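Everything below concerns the one structure shown next.
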Amino acid sequence: MCGFLAKHLNCEIGISLMSNRWAGADFWESQARPAFDLDDLISRSDVVDVGIDGGGLDDLLGFAAIGRDSETREWLLWTHAWAHPSVPERRKSEAARFKDFEKDGDLTLVAKIGDDVTDVADLVAKIEMSGKLDRVGCDPAGLGGILDALIEADIPEEKIIGISQGWKMTGAIKTTERKLAEGVLVHGGQNMMSWCCGNARVEPRGNAVIITKQAAGYAKIDPLMATFNAVSLMGLNPESAGSIYNDQGIFTG
Numbered sequence: 002m003c004g005f006l007a008k009h010l011n012c013e014i015g016i017s018l019m020s021n022r023w024a025g026a027d028f029w030e031s032q033a034r035p036a037f038d039l040d041d042l043i044s045r046s047d048v049v050d051v052g053i054d055g056g057g058l059d060d061l062l063g064f065a066a067i068g069r070d071s072e073t074r075e076w077l078l079w080t081h082a083w084a085h086p087s088v089p090e091r092r093k094s095e096a097a098r099f100k101d102f103e104k105d106g107d108l109t110l111v112a113k114i115g116d117d118v119t120d121v122a123d124l125v126a127k128i129e130m131s132g133k134l135d136r137v138g139c140d141p142a143g144l145g146g147i148l149d150a151l152i153e154a155d156i157p158e159e160k161i162i163g164i165s166q167g168w169k170m171t172g173a174i175k176t177t178e179r180k181l182a183e184g185v186l187v188h189g190g191q192n193m194m195s196w197c198c199g200n201a202r203v204e205p206r207g208n209a210v211i212i213t214k215q216a217a218g219y220a221k222i223d224p225l226m227a228t229f230n231a232v233s234l235m236g237l238n239p240e241s242a243g244s245i246y247n248d249q250g251i252f253t254g
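In terms of this note's numbering, the sequence shown is residues 2 to 254.
Structure, rendered in structure tokens:
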């Protein structure tokens, strides 16, 4: 039936057939691996980059960590998101989905705005303490409160980078697509990220492609945008960072 509708009625059936889908979504599920958490990522990696995006009252605050596996050189991706309780209230059609993501451990519903930024700073501080943090990439438009929280958590200011958005994100988008297609970027199969990838819509702009929240509409893509910010940094091939935890035998990989 679906084949008939697609062929004869020009209907687009499912996310995979949408003409403006993000190309990386085609390879996303095949790159899922047994679930791992941030501690696993840190222990397996020689260097870690972080991306952060979103955080408005009607947004998710997205966090993405990409670690480079010290043995296989694969890029390991782990993400998390935070939402103010008003988000599922405003988006009642997605409320059940958000609750499922919360049960999965991938989404935190915070009591008040500010708790989310504090949680993000704590995660970045954990990576910094491991000695493996390269840099943190953020959307410059939302950097203010996040920058304050990171500095308060003793993250060196020189490690916090504003990542240009819009058409300038084309390189990171294409790099993510290629790494997925090549089998180099792997993730823990988080349902939230599969949803975000399916929400992403591509807009051609000359020789560039952009993925924007405006194109996604009410659907959320903040953790995916955070991923692109982290890819922007890992794509620069950072040097391996020495680990105080490895030296002390705490993270042994």
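We treat Cβ as the ideally placed atom computed from N, Cα and C, and that holds for glycine.
Note that the coordinates shown come from a computational prediction; the quantities given were computed from them, not determined experimentally.
| Item | Value |
| --- | --- |
| For the alpha helix (DSSP H) that contains D41, what are its first and last residues? | 39 to 45 |
| Grab the span of the beta strand (DSSP E) containing L110 for me, first residue to last. | 108 to 110 |
| Ends of the beta strand (DSSP E) at V203? | 203 to 206 |
| Let me confirm a value: K113 is counted as buried when at least 16 other C-beta atoms fall within 10 Å, else exposed. Which label applies? | exposed |
| Give the straight-line distance between the Cα atoms of L77 and R91, rounded to the nearest whole angstrom. | 33 Å |
| I147: which of R136, T119, K169 sits nearest, CA to CA? | T119 |
| Please classify E30 as buried or exposed, where buried requires at least 16 neighbouring CB atoms within 10 angstroms. | exposed |
| Is the CB-CB distance between E153 and A182 below 8 Å? | no |
| Given P86, which residues of its chain have a CB within under 6 Å of its CB, disregarding the five upstream and five downstream residues? | L110 |
| Would you say W79 and L42 are within 8 Å of each other, going by their C-beta atoms? | yes |
| Tell me the residue span of the alpha helix (DSSP H) that contains G199. | 192 to 200 |
| Check whether the Cβ atoms of G236 and T171 lie closer than 8 Å to each other. | no |
| According to DSSP, D70 sits in a beta bridge with which residue or residues? | S46 |
| Would you tell me roughly how many angstroms separate the C-alpha atoms of G143 and V137, rounded to the nearest one? | 13 Å |
| Give me the DSSP bridge partner(s) of V210. | P205 |
| Count the other CB atoms, across all protein chains shown, that sit within 10 Å of the CB of P224; report buried if there are 16 or more and exposed otherwise. | buried |
| What are the boundary residues of the beta strand (DSSP E) that R136 is part of? | 134 to 139 |
| Does the beta-carbon of K221 have 16 or more other beta-carbons within 10 angstroms, so that it is buried, or is it exposed? | buried |
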